[in-house]
Amino acid sequence: MGIHSGKVAIVTGGARGIGQAVARRLQADGARVAIWDLTASAHMDPSAGYTPDFSFDVDVSDFASVEAGYDATVEALGPIDILVNNAGINGPVNDVQDYPLEAWDRVLAIDLTGVFYCTRVALADWVGRGSGRIVNIASIAGKEGGAGIAAYAAAKAGVIGFTKSVARELSTSGILVNAIAPAITETALFEEMTPEHIAAGKSKIPMGRPVNVEEIASLATWIAGPDCTFTTGFVFDISGGRATY
Ligand SMILES: NC(=O)c1ccc[n+]([C@@H]2O[C@H](COP(=O)([O-])OP(=O)(O)OC[C@H]3O[C@@H](n4cnc5c(N)ncnc54)[C@H](O)[C@@H]3O)[C@@H](O)[C@H]2O)c1
Numbered sequence: 525m526g527i528h529s530g531k532v533a534i535v536t537g538g539a540r541g542i543g544q545a546v547a548r549r550l551q552a553d554g555a556r557v558a559i560w561d562l563t564a565s566a567h568m569d570p571s572a573g574y575t576p577d578f579s580f581d582v583d584v585s586d587f588a589s590v591e592a593g594y595d596a597t598v599e600a601l602g603p604i605d606i607l608v609n610n611a612g613i614n615g616p617v618n619d620v621q622d623y624p625l626e627a628w629d630r631v632l633a634i635d636l637t638g639v640f641y642c643t644r645v646a647l648a649d650w651v652g653r654g655s656g657r658i659v660n661i662a663s664i665a666g667k668e669g670g671a672g673i674a675a676y677a678a679a680k681a682g683v684i685g686f687t688k689s690v691a692r693e694l695s696t697s698g699i700l701v702n703a704i705a706p707a708i709t710e711t712a713l714f715e716e717m718t719p720e721h722i723a724a725g726k727s728k729i730p731m732g733r734p735v736n737v738e739e740i741a742s743l744a745t746w747i748a749g750p751d752c753t754f755t756t757g758f759v760f761d762i763s764g765g766r767a768t769y
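In this note's numbering, the protein residues as written are 525 to 769.
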């Protein structure tokens, strides 16, 4: 028995990194967990130290794929209680005048529109339900911006604005919608970043280290849980003192 006992959670981009840690933690806290990601093979990574209850190939930037994933998850695990919108890409690090047009579209499609698609599909199903939790993984970049990552920062700022808006629409519904803004953490997302970009990200953290994925998972499980009752539309900071607002 855990705080999420009897609950069903979806974690997008749950095959690795932050999403994998969040999925593992939600399951350890009692939830049955479905992970959505681009390829099924990645979902079964034995190094994850747990087995998801269900996994499905979903491209969050494709609305039909999100709908198919949602239906398949309900069929496999029953009604969904928790949605963690975590899937995301960094995109190339490039100043705006050189930023590839195709990359801008792709980053926005996955990091922002994907959050809208998954939320829309869940909320259409949750009408009249009276409960539910949505946790959006934004980024410190959405608050502060970052040189070379304008598309990513714009998408993450968009996620923050989206979170606040949906929360207001749902304020008396029993469904809480919040976001998390992590500082830099060492995951495969680093592969898209330049060494200078990574060093710059780390140097801005007053605690002097990157956040680790378990710390983010620990915050996410609380926000998604029964003790979080009076907070919605909020952006939870986990930046080692970098953001003091
Ligand atoms: N790593 C960091 O420093 C950091 C900091 C702040 C916020 N974040 C955010 O945290 C989230 C997770 O990042 P991570 O560091 O674990 O990255 P990651 O690259 O390790 O994991 C991201 C996962 O999302 C999946 N994914 C990518 N595109 C997808 C799509 N179209 N549909 C479905 N799944 C897709 C990938 O396959 C991967 O499994 C992202 O939203 C990222 O922006 C990361």
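Each residue gets a CB set at the ideal place from its N, CA and C atoms; glycine is no exception.
Pull up the distance between the alpha-carbon of residue i and that of residue j, whole angstroms please.
i	j	result
residue 722	residue 653	43 Å
residue 669	residue 687	18 Å
residue 656	residue 572	26 Å
residue 639	residue 526	27 Å
residue 679	residue 586	17 Å
residue 556	residue 575	10 Å
residue 623	residue 677	13 Å
residue 747	residue 628	30 Å
residue 736	residue 650	32 Å
residue 695	residue 756	7 Å
residue 661	residue 592	22 Å
residue 765	residue 602	40 Å
residue 620	residue 581	32 Å
residue 626	residue 560	24 Å
residue 741	residue 691	21 Å
residue 664	residue 578	31 Å
residue 541	residue 713	8 Å
residue 752	residue 550	15 Å
residue 732	residue 724	12 Å
residue 754	residue 674	33 Å
residue 533	residue 548	11 Å
Identify, in the order they occur along the chain, each residue of the same chain with its Cβ nearer than 6 Å to the Cβ of residue i, setting aside the five sequence neighbours on each side.
i	result
residue 594	645
residue 529	554
residue 608	535, 546 and 659
residue 681	666
residue 647	none
residue 596	580
residue 707	664, 729, 735, 763, 764 and 766
residue 698	654 and 655
If contacts are defined as beta-carbon pairs under 8 Å, then residue i and residue j qualify, I think. What distance do you get, rounded to the angstrom?
i	j	result
residue 604	residue 598	6 Å
residue 683	residue 636	6 Å
residue 672	residue 617	4 Å
residue 729	residue 763	7 Å
residue 734	residue 768	That belief does not hold up - the Cβ atoms of residue 734 and residue 768 are roughly 18 Å apart, past 8 Å.
residue 600	residue 558	7 Å
Residues in its own chain within less than 7 Å of residue i by CB, not counting five upstream and five downstream?
i	result
residue 583	562 and 589
residue 738	545
residue 634	584, 585, 611, 612 and 613
residue 641	584, 587 and 590
Using a Cβ-Cβ cut-off of 8 Å (strictly less than) and excluding sequence neighbours within five positions of residue i, which residues of its own chain qualify?
i	result
residue 750	527
residue 716	613, 614, 615, 616 and 617
residue 727	none
residue 760	702, 703, 704, 705, 743 and 747
residue 711	540, 541, 542 and 737
Ignoring anything shorter than 4 residues or poking outside the region 564-599, list the alpha helix (DSSP H) runs there in chain order.
Runs of the alpha helix (DSSP H) lying entirely within the region 564-599 and spanning at least 4 residues, in chain order: 564-567.
Which runs of the alpha helix (DSSP H) at least 4 residues long sit entirely within the region 697-768? Give them in chain order.
Counting whole runs of 4 or more residues, the region 697-768 contains the alpha helix (DSSP H) stretches 719-727 and 737-747.
Where are the alpha helix (DSSP H) runs, 4 residues long or more, that stay fully inside the region 618-704, in chain order?
Counting whole runs of 4 or more residues, the region 618-704 contains the alpha helix (DSSP H) stretches 625-632, 638-650, 664-668 and 674-693.
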